[in-house]
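Here the sequence shown stands for residues 1 to 621, where the numbers follow UniProt numbering. Idealized CB from N, CA, C, for every residue including glycine. To start, the structure under review is shown below, and the notes come after it.
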Amino acid sequence: MKNIIKYSVLSLLAVAGVSCESFLNEKVVSGVSYDYLETKTGIETAVNGVYSTMRWYVGGERYYCLTEYGVDYVWEGADGGNKDAFNKYSNQLNSSFGMLYEFWENAFKGITRANTALMYLPEVGDMTDAEKVSREGELRFMRAYFYFDLVQQFGRVPLLSEGNVSQIITDFPRASVADLYAFIINDLRYSFDVLPDVAMQPDRGRATKWAAANLLSKVYLTRGSAVKDQRGQQPTDMDSTAYFAEAVINSGKFALEADYLSTIDQDRQKVSSETIWGVEFTNDVLFNGSEGNKMHLYWVPTYEKLPGLQRDLQQGRAWKRVKPTPYLQTELFDHLNDSRMYKMFSWVFYANKESSIPVWEDKYYYVDENGKTTNDLLYETPAELVGKPKFTLGDTAAYFIPKYYGAKDYKGAVIDKAKDRLMQLDIAKCRYTLIPVDENTNHYFPCLKKWLDTQRPDMNYEQGGRNFVRMRLGETYLIAAEAYGRKGNFEKAAELINVVRKRAAYKEGEAKPQEWWQVDGGNMADVAGSTEKAMLVTSADLSNDFINFMLDERARETYGEMNRWEDLVRTETLYERVKKFNPDAAPNIKEYHKLRPIPQNHIDRLSPKPSPEEAQNEGYY
């Protein structure tokens, strides 16, 4: 069993050249001298300190706001606070927005730590040359990772390629996007050449050559996806994307889990054959730091407000920040053949509070489209049930159901009164609280299971220990497929996509959810049959609207894995798809929202002062 890379308290001091206030003003902290970095122990601690900056992403309400809000397949849940600036593209999304600077500062902290360690690495006397080369590969991998994040969010940013401990620099011109991509690719090519294979990397969580290859494939795909934008794209970018993605696929070091549900399992995902690289967390507070992984909080509905329910560890603590759109629940998935939607969400919540279990009323009345109860009788309860509990502890208390009658549009307006009445009748007759997609609100929606953390000490404990998986093989197949499709080789693209879709199909003998026959129209004669054949696509299926197909397939496979905003920007479809699918954001989004504003904290420190056009992105000055 492998060790996992340790991020100690000391590692946060490791690079001694990082100011808490600014990456511009480097100084020694906590009494750790730079001589320490000329020792093996110092360098090892410094490298670990670079990795530790990855924990910022999931330590609070941060990265999901940057990558999942303001897109096509999620809407903001309740209690978003000022985070709705990202979902609605409101005026709050400006250069003074604090989270943007926190993201900027954290990324440059990681870059500065890497640069400082790289500066001192040649001076270390008690490391072998092979050890130095390996650690250089890790440092350059991490530096490339942070720059890739920055260039996708902000476009042009300062390019710091060397460590500096001797002077304060205040002049940081922004490099071109093309130069940034060239720098990122150069670092990753070096890392791919020198980093060890999985079996030779002693600690889980450290970068390997395959992590570098996987990131290279995504960098080339992102650069080469541009049509209107200028990213320095080259005619060979799709060839390079396919080469490095297939290097990972064909390495023999990774394999898709047999069941999509296994990619979600909390125990399995730490040692999964599908994981290429991730950030390690444990249930040890000293290991995790002060924040841990808090992503388990943000995808859970307010189920405890429903009859018969209260918060518990298994069903999650509800911060109700992110909800799937009606489009995702009703249209995006093939409900009869694709198992992923029912597997990645919790559709049922089970009764755990006896005192709030409701009893049958004698009569239920129709509610009009304005939400007012009328005198129009909808359902009369059989006399023998009146006054008795609707369900007991452990029974279904609430059931979210997609693709019901579709009686309302995306904005909640009734479009078919007959179907709406039928839906209300079924809701009245249910033993449990039935919540069709039409009745989803910012509080009530299916719960994404990918981030749930049931291994916390108790329900109120926020500092989770679930891993933060950043690269997995399911996405790698889709990266390779998109490269081939962009090259016009739809047959090869279909072959790669079908590997992922075959895994997503129901297997022969696999139990299907009751929705399969009760709601989605499945034939009971086929209830135990495989759906693999129906899931496979052909080259003809892809050639008509390939990019939108790939975006839909990426949504089906990687929903909630914090890359959607960047996918839409990469494919130059952000404006179009947000306008079509996100009514919260549609009124405000502009073409310039494909980039974030450069943080004002950074601009204010620059000297000499650049022009507004040089300092800031279009639309924000």
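DSSP state of Asn544 mapped onto helix, strand, coil: coil
Residues sharing a beta bridge with Arg174, DSSP: Pro158
Thr39 and Val133 closer than 9 Å at C-beta: no
Segment contact, 8 Å Cβ cut-off, at least three pairs: the stretch 322-333 with the stretch 89-100: no
Reduced DSSP category for Ser30 - H, G, I as helix; E, B as strand; rest coil: Low local confidence applies: a pLDDT of 43 at Ser30 is under 50, so the model's placement there is unreliable, and no value is given.
Residue(s) in a DSSP beta bridge with Ile435: Phe400
Buried or exposed (CB count within 10 angstroms, at least 16 for buried), Gly31: Note that Gly31 scores a pLDDT of 46, beneath 50, so its modelled location is shaky; the value from the coordinates is reported in the next line. So Gly31 counts as exposed.
Boundaries (first-last residue) of the alpha helix (DSSP H) holding Glu105: 98-120
Three-state secondary structure (DSSP) of Ala207: coil
Between the CA atoms of Pro513 and Asp520 - distance to the nearest angstrom: 10 Å
Assumed close pair Ile232, Tyr181 - CB separation to whole angstroms, cut-off 8 Å: Here residue 232 is Gly; the residue named in the question, Ile, does not match the sequence. Gly232 to Tyr181, Cβ: 5 Å. Contact.
Supposed close pair Phe468, Tyr57 - CB separation, criterion 8 Å: 7 Å
The stretch 347-361 / the stretch 377-397 touching (three or more Cβ pairs under 8 Å): yes
Residue 628 versus Gly394 - alpha carbon distance: There is simply no residue 628 to check, as the chain begins at 1 and stops at 621 in what is shown.
Nearest-angstrom Cα separation, counted from Tyr298 out to Trp193: Reading the sequence as shown, one finds Asp at residue 193 and not Trp. The straight-line gap from Cα to Cα measures roughly 39 Å.
Limits of the beta strand (DSSP E) - the one that Arg472 falls within: 468-472
Spatially closest choice to Glu105 from Asn588, His602, Ala78, by CA coordinates: His602
DSSP state of Ala14 mapped onto helix, strand, coil: Since pLDDT at Ala14 reaches only 39, below the 50 mark, its modelled position is unreliable, and the value read off the structure follows with that caveat. Ala14 falls in the coil class under three-state DSSP.
Residue range of the alpha helix (DSSP H) that includes Pro324: That residue, Pro324, is in no alpha helix (DSSP H); its beta strand (DSSP E) goes 322-324.
Assigned secondary structure, Val537 (DSSP; H/G/I helix, E/B strand, else coil): coil
For Gly256, the nearest candidate out of Arg501, Pro612, Pro583, Ala397 (CA to CA): Looking at the sequence itself, residue 256 is Leu, so the reference to Gly does not match. Closest option to Leu256, Cα to Cα, is Arg501.
Counted within 10 angstroms of its Cβ, other Cβ atoms place Ser607 as buried (16 or more) or exposed: exposed
Minimum C-alpha distance to Met54 - residue among Arg135, Phe103, Arg596, Arg570: Phe103
Chain-order list of residues whose beta-carbon lies under 7 Å from that of Asn498 (same chain, five-residue window excluded): Leu536, Val537
beta-carbon Glu495 near the ligand ADP non-hydrogen atom, thresh 8 Å: The ligand ADP is absent from the structure shown, which contains no ligands of any kind.
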